[in-house]
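Count along the sequence shown from 1, add 128, and you get the number used in the working numbering.
Yeah, the Cβ is synthetic: ideal placement off N, Cα and C, and Gly gets one too.
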Amino acid sequence: MRVRTLLVETKPAWFGVDGALLAHAQQSALGRRMLSRWLQAKAPALLAPSPDGAALTTVTAWPRARLQRLIRDLGTLAFAPAIRAEVRREPVRWLKALLGDGYALALDRSLWDGTLDGEAEARVARELREALASQDLARQSLLPRIDRQGRAELDAWCREHAPALGEWSRLLHEPETLPPAHLSPALVARAHAHHLRAAA
Numbered sequence: 129m130r131v132r133t134l135l136v137e138t139k140p141a142w143f144g145v146d147g148a149l150l151a152h153a154q155q156s157a158l159g160r161r162m163l164s165r166w167l168q169a170k171a172p173a174l175l176a177p178s179p180d181g182a183a184l185t186t187v188t189a190w191p192r193a194r195l196q197r198l199i200r201d202l203g204t205l206a207f208a209p210a211i212r213a214e215v216r217r218e219p220v221r222w223l224k225a226l227l228g229d230g231y232a233l234a235l236d237r238s239l240w241d242g243t244l245d246g247e248a249e250a251r252v253a254r255e256l257r258e259a260l261a262s263q264d265l266a267r268q269s270l271l272p273r274i275d276r277q278g279r280a281e282l283d284a285w286c287r288e289h290a291p292a293l294g295e296w297s298r299l300l301h302e303p304e305t306l307p308p309a310h311l312s313p314a315l316v317a318r319a320h321a322h323h324l325r326a327a328a
């Protein structure tokens with residue numbers, strides 16, 4: 129069942145085959161085996177053969193919604209310096225409404241003091257400014273920016289600490305080049321552990 133979930137949830141672009149052929153292949157055991165083999169080069173840790181299917185437990189431990197919450201939190205933390213620097217009444221009101229509990233997370237200096245190198249700080253500040261400068265409906269573009277940064281933070285941490293989770297996260301999204309990560313591994317590990325505990 130975990131393999132079937134993985135194949136259904138994976139973005140079609142990762143397979144590199146026609147959509148109709150992909151849908152047909154997912155209907156049979158042979159087709160699913162073939163698709164799994166195609167994915168092995170892109171997700172070797174996640175699809176590594178093991179007697180107990182340990183790597184594939186990542187799929188059930190991190191369903192899309194749970195993984196998305198972790199990604200959103202990491203992106204919010206990554207944008208925290210820019211969010212904290214915004215003190216104008218209307219942008220603050222809008223950020224609180226858009227981010228919900230994430231706004232308090234961004235302000236929490238006990239998690240992270242928000243110190244960044246100049247280039248990273250300038251980049252997140254510019255992205256926030258661009259979102260704030262757009263019209264109300266277009267301001268929703270901030271959440272995809274935050275999520276993209278959150279994916280970059282998770283991806284960078286997973287390469288060293290949880291390769292199967294990193295591969296699973298990549299398969300759930302369209303292939304793309306992510307921005308540079310800048311959160312500390314310890315902070316990402318703390319957020320990862322928090323979301324695992326919350327799911328227990």
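So, residue i versus residue j, is the Cβ gap smaller than 7 angstroms?
i, j, result
"A319", "L202", "yes"
"A208", "A253", "no"
"L306", "W240", "no"
"L149", "P140", "no"
"R273", "E255", "yes"
"L158", "T204", "no"
"A206", "E281", "yes"
"L244", "Y231", "no"
"E75", "A171", "The chain is shown only over 129 to 328; residue 75 falls outside these bounds and no answer can be derived."
"R194", "A327", "yes"
Using the beta-carbon count (16 or more within 10 Å), is residue i buried or exposed?
i, result
"G246", "exposed"
"E304", "exposed"
"H310", "buried"
"L300", "buried"
"L167", "buried"
"R216", "exposed"
"R192", "exposed"
"S297", "buried"
"G144", "exposed"
"G147", "exposed"
"G242", "buried"
My understanding is that residue i touches residue j, with C-beta atoms under 8 angstroms, so please give their C-beta distance in whole angstroms.
i, j, result
"S164", "L135", "7 angstroms"
"H289", "R197", "Not confirmed; about 19 angstroms, so no contact."
"P308", "A261", "Actually they do not touch by this definition, with Cβ atoms about 23 angstroms apart."
"L235", "R212", "6 angstroms"
Going by beta carbon distance, what residues of the same chain come within less than 7 angstroms of residue i, once the five residues before and after it are set aside?
i, result
"T133", "V187"
"R200", "G230, I274, D275, G278"
"P177", "none"
"M162", "A153"
"P219", "L260"
Here's a check: name, in chain order, each residue in its chain whose Cβ is nearer than 6 angstroms to the Cβ of residue i, leaving out the five neighbours to either side.
i, result
"A292", "A173, L174, A183, T186"
"E302", "K139, A141"
"L270", "A259"
Counting only the same chain and skipping the five closest in sequence on each side, list residues whose C-beta sits under 8 angstroms from that of residue i.
i, result
"R287", "G294"
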